[in-house]
Each structure stands twice: as C-alpha cells, then as structure tokens.
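Note sheet for the following structure.
There are 2 protein chains.
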Amino acid sequence: MTDPAPPPQLLDVATKVDARLASILDEQSHRWRAVDPRLSEAVDELDRMVTSGGKRLRAAFCYWAWKGFGGDVARPASGNGSGPNGAEPADPDGQIIDIGAAFEFLQVFALIHDDIMDDSTTRRGTKTVHVTHAERVVERGWRGEARRYGDGVAILVGDLGHVYADQLVGSIGGRTRELWDELRIELNLGQYLDMRSAAAGTLDLETARQVATFKSALYTIVRPLQVGASLAGQTDPVVLDQLDRFGRPLGRAFQLRDDALGVLGDEKRLGKPVGDDLREGKPTELVAWALAGADGRERAVLDAIGDPDLTSSQVDELVQVLRDTGAVDRNEAEISRLVDEASAVLADLPVTDEGRTALAALATYVADRTL
Amino acid sequence: MTDPAPPPQLLDVATKVDARLASILDEQSHRWRAVDPRLSEAVDELDRMVTSGGKRLRAAFCYWAWKGFGGDVARPASGNGSGPNGAEPADPDGQIIDIGAAFEFLQVFALIHDDIMDDSTTRRGTKTVHVTHAERVVERGWRGEARRYGDGVAILVGDLGHVYADQLVGSIGGRTRELWDELRIELNLGQYLDMRSAAAGTLDLETARQVATFKSALYTIVRPLQVGASLAGQTDPVVLDQLDRFGRPLGRAFQLRDDALGVLGDEKRLGKPVGDDLREGKPTELVAWALAGADGRERAVLDAIGDPDLTSSQVDELVQVLRDTGAVDRNEAEISRLVDEASAVLADLPVTDEGRTALAALATYVADRTL
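Taken in order, these protein sequences are the chains called A and B.
Numbered as in the working numbering, the first sequence ends at 375 without a single skipped number.
Numbered as in the working numbering, the second sequence ends at 375 without a single skipped number.
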C-alpha cells in the first residue's frame with residue numbers, strides 16, 4: 005500500500021478551516037464561561053474533539069469545487085447571504101471557509117453521536133466524549149449511572165456541534181441551503197440504515213452500497229462539491245449532475261478504503277481500534293464479497309461477525325478469510341476501478357485547471373490514504 | 005388548582021401547525037420509502053412522537069408576537085426569505101406557521117434526546133423512542149445490546165427532527181436567524197447544566213434558576229416571542245428587551261408549574277410518570293426551598309432525592325416534606341407573583357389589542373395548566 009502525504013490543496017484548506025474553528029470555539033468558550041463556568045464545559049469538550057484531528061476532507065472538496073467554478077472571482081450567487089450573523093466576510097474566501105468549518109462541525113457532531121452508538125472508546129487518538137464523561141461520574145463520586153451520564157453529555161455536545169455547523173451556514177439560501185439540508189437528512193438516514201443493518205445482520209452487497217451511498221458518497225463528497233459549486237453561482241443541473249457522477253464512485257472508493265483500513269489498518273495511525281467494524285457487524289462490501297465467495301469452513305468463521313466480544317485472534321482469523329476468499333483483492337481492484345471512473349468524469353468537468361488538479365489530488369488521496 | 009382549557013388562541017395555532025407538521029412528515033415518509041423502506045422507518049418514528057401530543061406553546065407565543073406586531077399586515081422584514089426552499093408561502097401566515105412547525109420539530113428533538121438522558125419510558129402518553137427500539141431488538145432476535153441500539157435510534161430520530169426544524173427556518177436571515185441559532189445553543193447548554201447538576205447533586209436555588217432561565221424562560225417563551233416579533237419586522241432592541249422582561253418571569257412560572265406537576269400532578273393526564281424529577285435529582289426551586297426550610301428529620305428524608313430507585317411510598321414521603329416545609333405553598337405564591345410581574349410588562353407592550361389578549365391568555369394558561 006502506498007503512503008501518500010496529504011496534498012497541499014488539502015493542507016491549505018485545513019489550515020484556514022482550523023483557524024476559523026478555533027476562533028469560534030474560543031469566542032464561545034469565553035462567552036459562556038462568563039455566564040457560568042459550568043456551561044463552557046460543553047463548548048470545551050466540543051473543542052477537544054474538533055481540534056484533536058480530522059483531515060478536513062469535506063471542507064476541501066467544497067473549497068476546490070467553489071474555486072474551480074470561479075468562486076474566488078465571481079459575485080456571490082443570488083440568494084446567498086453575506087456570511088454568518090450578517091457580517092461581511094473579512095477576506096475573499098471568508099464565506100467558503102465558513103462553510104468548510106460548517107462541514108467540520110457537522111462531521112464532529114456525527115462522529116460524537118456515532119461513537120455513542122458504536123460504544124467506541126477512542127477517536128482521533130483521544131478518548132471519546134461519552135467515555136470521558138462516564139469516567140467523570142466515577143472520579144467525582146457523582147450520583148446516577150455513569151454510562152447514562154456519559155452518553156447524555158455526548159448527545160448534547162454533538163447537538164451543540166450541529167448548531168454551530170448550521171450557524172455558519174447562516175442565512176445562505178437558495179440551492180446552497182437546499183443542498184445543506186438534504187445532506188444532513190441523508191447523513192442521519194444513512195447512519196440509521198447502517199446501525200439497523202448491523203443489528204439485523206443484513207450484510208448483503210446492496211445494503212452495504214446503500215449505506216456507502218448515503219454516508220460516504222453523498223455526505224462526504226457529492227454534497228460538499230455541489231455546495232461549493234452552488235456558492236460559486238454554478239447551479240446548472242447538468243453540472244451538478246456531473247459532480248454527482250464524479251463524487252459517487254469516488255465516495256464508494258473512499259468507503260471501500262475505509263472498510264479495508266478498518267480491518268487491515270494501523271491502529272496507532274488510525275487513532276481508533278482495528279477490528280471494531282467486524283465486532284459491530286457493519287455492512288461492508290468487503291464482508292459481502294467474502295460471504296459470497298466462502299466455502300463451508302470459511303462461512304462458519306464469518307458467522308462470528310457481529311460478535312462484540314471477538315478476540316484479536318478471532319479478528320486475525322476473520323481477516324485471513326477476507327484475504328483467502330479474494331475479498332481483499334477485489335476491494336483493492338474495485339477502488340482502482342472506481343477512481344478511474346471518477347477521473348473520467350473529472351476530465352470533462354468545466355472547472356479551471358487549478359481546480360481540476362486539486363480535485364484529482366484529493367481523489368487520489370481519499371482512495372489511497374492509510375489513515 | 006384550577007383546570008383551564010387551552011385558550012382558543014393556542015388551539016387555532018396548534019391546528020395550523022399540526023397540519024404543516026403532518027404534511028412535511030407525510031411527504032418525507034413517502035419520499036424515503038420509495039428509496040428504501042427501511043429509511044422511512046426513522047421518519048415514521050419521528051412522526052409518531054410529533055403527532056402523539058404537545059401543546060404547541062412555543063409556536064403559539066411566536067405566532068401571537070408576530071401577529072401582535074402586525075406581521076399579518078406588514079411586509080416581511082429585510083433579510084427574511086420567502087419561506088423554505090425559496091417557495092412563496094401559500095397563505096398570508098405561511099411563513100409564521102412554518103416557524104411554528106420549526107419550534108415543534110425542535111421541541112420533539114429535545115424531548116427525544118432528553119428521554120434518553122433521563123431513561124424515561126413514557127412521553128406524551130406513549131412509549132419513548134429509545135425504549136421502543138430497544139424492545140425491537142429483543143422482539144426480532146437481533147444482535148447486539150438492545151439498550152445501545154434503542155438509544156442509537158433515538159439519537160438519530162432526534163437529530164432528524166433537528167434538521168427538519170432548521171430546514172423550515174430555511175433561508176430566513178438577519179435578526180431572526182440570530183435568535184434561532186441563539187435559542188438552540190441555550191437549549192443545549194441549559195440541558196447540559198440540568199443534567200450535570202442532577203449528577204453532581206447541585207440542588208441550590210441559583211442553579212435551579214439558571215437551568216430554568218435557559219430551558220424554560222429563554223427557549224420556551226422569550227426567544228419564540230422575539231422570533232415572532234423579528235419576523236414581523238419588529239427588531240427594535242427596546243421592544244425585544246420588553247419581550248425579554250415579559251417572557252423571563254413567565255418562563256420561570258412555567259418551570260415552577262412544571263416542577264409542581266412533576267411531583268403533584270396526575271400521571272395519566274401528564275402522559276409521564278410522577279416523581280421522576282425526584283428520582284433524577286433535578287435541580288428545582290421547589291427542592292431548594294424545601295432544603296432551606298427543612299429540620300433535621302426532613303433533611304434526612306430529602307437526602308433520598310436523586311435515588312433512581314425511589315419507591316412510590318418514598319415519593320409520597322418526599323412530597324409530604326415538600327408540603328410541610330412550605331415549599332409547595334411558596335412555589336404557588338411565586339407563580340402568582342411572576343405572572344403578575346409578566347402581566348405588568350405586557351400591559352406596556354406596543355402590540356395590538358388582539359395580540360395583548362392572546363398573550364395574556366397564553367400566560368394564564370402556562371402558569372395554571374394541569375398538564
């Protein structure tokens with residue numbers, strides 16, 4: 005596996021978005037601390053998760069679509085506001101960086117809530133919110149059930165992230181607002197289907213693809229691209245459809261890479277435990293292919309998927325079956341094919357050369373990343 | 005205790021808002037069922053909670069402030085959009101009914117998440133979302149922990165309600181959007197303080213009032229009033245401050261009534277168990293007053309507050325102490341005093357006679373309601 009560094013087009017956006025996120029969180033923390041120091045604890049906990057990592061991919065796809073469609077030279081499209089709270093953006097890309105920050109707040113909201121649902125202990129190399137606050141009950145000798153309290157705090161901290169995300173979109177209207185609302189509905193419904201399928205043991209290929217379409221293709225790539233284009237004033241349905249045809253295969257490739265890293269990746273680099281997808285019984289194409297290609301003995305091994313108490317040697321055995329059935333190779337081949345499919349659409353996209361180069365670099369990165 | 009019927013000014017708004025909520029949920033359910041019948045399950049669960057009750061108080065305060073400030077005859081204020089998705093409202097009060105529906109989606113979002121945090125089994129006379137879906141795991145023999153799954157579904161269904169709420173506010177900008185964002189932050193921080201105080205056993209008067217300010221005064225009354233005024237084009241800081249001075253005492257009265265009903269109310273009428281506030285150790289003024297006035301024996305009884313396993317005879321004993329210490333009487337006296345304080349501000353509010361009459365009727369209702 006290659007080990008590509010994040011492209012500069014990603015790092016540049018991440019630096020600007022990080023600065024915006026930090027400034028909002030700092031302002032909010034000070035503001036609420038002045039009212040009651042207990043209130044700012046929730047803001048500070050959100051801050052901890054926002055600043056502990058994150059590749060800022062969604063912000064970058066959005067930014068480069070915006071710039072690729074001339075957003076840095078065009079007048080804002082009709083119906084778009086002038087930045088949150090009615091203030092003029094301080095710099096030419098102020099609005100698009102605000103939207104990038106909105107995507108990142110939304111992602112942290114989704115991760116914090118997902119971590120409760122999956123009972124994940126580690127995220128971005130740090131302790132998850134619900135685990136941190138469950139431990140606080142024990143440490144401080146507080147009343148009530150530690151788990152219930154930890155989950156409750158994480159629900160609220162996530163909800164707060166959702167509000168800040170939306171506040172940054174502010175009064176932006178028109179097609180951009182429709183896309184923003186749509187992607188939030190898709191995110192929630194995709195996560196519902198993911199969780200329901202894991203519980204019901206629905207591990208077929210169609211379900212895995214449906215989940216990947218909602219959670220990865222639409223939420224992570226297609227919608228950020230379309231929001232960026234729309235903010236640049238590009239709302240031609242033909243062009244938005246091209247972005248869909250570029251983003252869907254790329255989003256599937258992103259998910260297939262995620263699935264592979266989830267069972268074969270480096271735990272330290274990922275910042276989360278390897279094998280948890282198998283313990284949770286997540287519907288993935290990798291598992292669906294293994295099930296389709298398994299003989300009797302292999303099928304018996306695969307039956308352990310979804311057991312939350314899988315030992316690491318059982319995980320190793322499962323990974324061996326994923327390899328032996330050809331599922332791992334097929335996953336890699338499919339990633340390559342999907343990136344090629346996306347690249348062909350990108351070649352025809354009516355964006356600037358700079359935009360095309362940046363989107364190509366992002367595409368390579370999401371498909372080949374090792375964390 | 006009097007038993008006032010909801011005033012017609014509340015029922016009229018509720019009827020219109022209910023129709024709007026039903027139409028959105030019906031459209032969304034059909035839409036997602038066509039994509040994948042499993043996706044619409046989350047929408048249908050939200051529908052179940054939205055349609056199982058709710059007084060639509062926030063929508064009514066917002067509506068009558070809007071109408072009282074001439075919203076039905078004024079042009080929309082600058083910066084306000086033309087309804088969600090850019091469509092013109094179908095009728096003169098289309099936009100304000102959309103906002104009313106937004107408040108009700110937001111309230112259902114908050115209730116669904118609160119019910120997880122409090123592990124409440126019943127809400128609006130029906131089974132809570134997290135309990136319903138935990139049971140589904142058992143009924144269908146699904147994998148994984150039932151509680152984790154039920155909580156997860158409820159988190160997502162709540163999140164979906166939050167998105168629909170915000171979608172209805174849509175591209176409305178300016179002061180209205182600021183108020184909408186502000187109240188959502190206040191709602192989350194207030195709930196955090198409430199939960200934290202219950203866990204830490206912080207049952208002092210100041211904490212109880214801080215929680216009531218955020219969760220009841222601001223979120224339930226002041227902000228809905230200000231949003232309505234702002235939508236009618238009334239954003240004069242002096243007037244918005246008057247609404248604050250009307251809404252804060254009324255909101256505190258609303259909370260004190262809620263606290264009283266939570267320990268003295270009729271379980272069947274309330275649609276939720278009596279005594280749970282005591283089991284959860286919620287910080288209330290009622291409890292703070294009892295603690296301040298208790299002798300040694302009474303204080304020993306009050307020490308049981310926050311024990312999740314309180315029996316109904318223990319609850320009865322606690323209620324007796326709340327009465328004996330004068331806390332119940334003081335709560336009633338304080339409600340009367342607060343309503344008088346609010347009424348005095350209302351008398352000077354520059355609204356139409358019709359608006360003043362409606363707001364007075366709502367004020368009486370929230371303070372004297374029996375459910």
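Glycine included, each C-beta is placed from N, C-alpha and C at the ideal position.
Worksheet item: Should G145 (chain B) be labelled buried (16 or more other beta-carbon atoms within 10 Å of its own) or exposed?
Response: exposed
Next on the checklist: Quick test of the definition: if touching needs 3 or more C-beta pairs under 8 Å, does the region 96 to 113 of chain B touch the region 14 to 32 of chain B?
Outcome noted: yes
Note to self: Quick check: K219 (chain B) and L191 (chain B), are their CB atoms within less than 8 Å of each other?
What the structure shows: Contact flag set, yes.
Notebook entry, point to check: For S317 (chain A) and chain B, any beta-carbon pair shorter than 8 Å?
Noted result: no
Proximity to D352 (chain B) [Cα-Cα], best of B:R62, B:L244, B:D119 and B:T288 = B:L244
Exercise. Return the first residue and the last residue of the alpha helix (DSSP H) that F250 (chain A) is part of.
Key: Boundaries of the alpha helix (DSSP H) around F250 (chain A): P241 to L268.
Q. By DSSP, does T329 (chain A) sit in helix, in strand, or in coil?
A. coil
Next on the checklist: Using only CA atoms, which one of B:I116, B:V39 and B:A138 lies nearest to R128 (chain B)?
Outcome noted: B:I116
- request: Express the C-alpha separation of T132 (chain A) and R42 (chain A) in angstroms, rounding to a whole number.
  value: Spanning the two alpha carbons is a distance of roughly 20 Å.
CA-CA distance, V319 (chain A) and D311 (chain A)?
10 Å
>> Using the three-state DSSP reduction, which class does R24 (chain B) fall into: helix, strand or coil?
In response: helix
Taking buried to mean at least 16 other C-beta atoms within 10 Å of its own C-beta, is T224 (chain B) buried or exposed? buried
Legend entry - Closer than 8 Å at the beta carbon, the chain A residues around D240 (chain B): For the C-beta of D240 (chain B), not a single chain A residue is nearer than 8 Å; the gap to the nearest is close to 17 Å.
- Could you list which residues in chain B have their beta carbon closer than 9 Å to that of G330 (chain A), in chain order? Correct list: empty, because the minimum Cβ distance to chain B is about 26 Å.
Are the region 200 to 207 of chain B and the region 202 to 210 of chain A touching, with three or more C-beta to C-beta distances below 8 Å? no
### Query
So is A257 (chain A) buried or exposed if we call it buried at 16+ other beta carbons inside 10 Å?
buried
- prompt: Who are the neighbours of P312 (chain A) on chain B, taking C-beta pairs under 7 Å?
  reply: G148
First and last residue of the alpha helix (DSSP H) that includes A371 (chain A)? D357 to D372 is the extent of the alpha helix (DSSP H) around A371 (chain A).
Nearest chain B C-beta to A203 (chain A) closer than 8 Å, yes or no? At least one chain B Cβ lies under 8 Å of A203 (chain A).
- prompt: Does the beta-carbon of Q171 (chain B) have 16 or more other beta-carbons within 10 angstroms, so that it is buried, or is it exposed?
  reply: buried
**Asked** In the region 19 to 42 of chain B, which residues sit with their C-beta less than 7 Å from some C-beta in chain A, listed in chain order?
**Response** Sequence-ordered contacts of the region 19 to 42 of chain B with chain A read W36, D40 and R42 [C-beta pairs closer than 7 Å].
Rounded to the nearest angstrom, what separates D307 (chain B) and G194 (chain B) at their Cα positions? 24 Å
Handout entry: Under 7 Å (Cβ pairs) to chain A, residues found in the region 107 to 134 of chain B
Key = H117, I120, M121 and D123
Within the 8 Å Cβ cut-off, does L164 (chain B) reach chain A? yes
* Would a check of beta-carbon distances place V379 (chain B) closer than 8 Å to chain A? -> This structure gives no information on residue 379 (chain B), because the portion of chain B shown stretches from 5 to 375.
message = Can you give me the C-alpha to C-alpha distance between P88 (chain A) and T217 (chain A), rounded to a whole angstrom?
response = In this prediction, P88 (chain A) has a pLDDT of 41, which is less than 50 and means its spatial position is unreliable; nothing more can be read from the coordinates.
- What does M199 (chain B) reach in chain A if we use C-beta pairs closer than 8 Å? Y153, G156, V157 and L160
ask   = What does L193 (chain A) reach in chain E if we use C-beta pairs closer than 7 Å?
value = Here chain E cannot be found, since the structure's protein chains are A and B.
ask   = Got a sec? Which residues, its chain only, sit under 6 Å from A362 (chain B) by beta carbon, not counting five neighbours each side?
value = Q13 and W68
By the criterion of Cβ-Cβ separation under 7 Å, what are the contact partners of R188 (chain A) in chain B? Within chain B, the residues near R188 (chain A) are V167.
Q) Since L115 (chain B) is in the alpha helix (DSSP H), which residue starts that stretch and which ends it? A) G98 to D122
*Which chain A residues sit within Cβ distance under 7 Å of V423 (chain B)?*
No information on residue 423 (chain B) is available, as it lies outside the stretch 5 to 375 that chain B covers here.
Give me whichever residues DSSP pairs with R127 (chain B) in a beta bridge. According to DSSP, which records beta bridges pairwise, R127 (chain B) is partnered with B:T130.
Original post:
By Cβ distance below 8 Å, which residues in the same chain neighbour L197 (chain A) in space, the five residues on each side in sequence not counted?
Top reply: The beta carbon of L197 (chain A) is closer than 8 Å to those of T211, Q214, V215 and F218 in its chain, skipping five residues each way along the sequence.
Where Q214 (chain B) meets chain A, residues with beta-carbon distance less than 8 Å: D40
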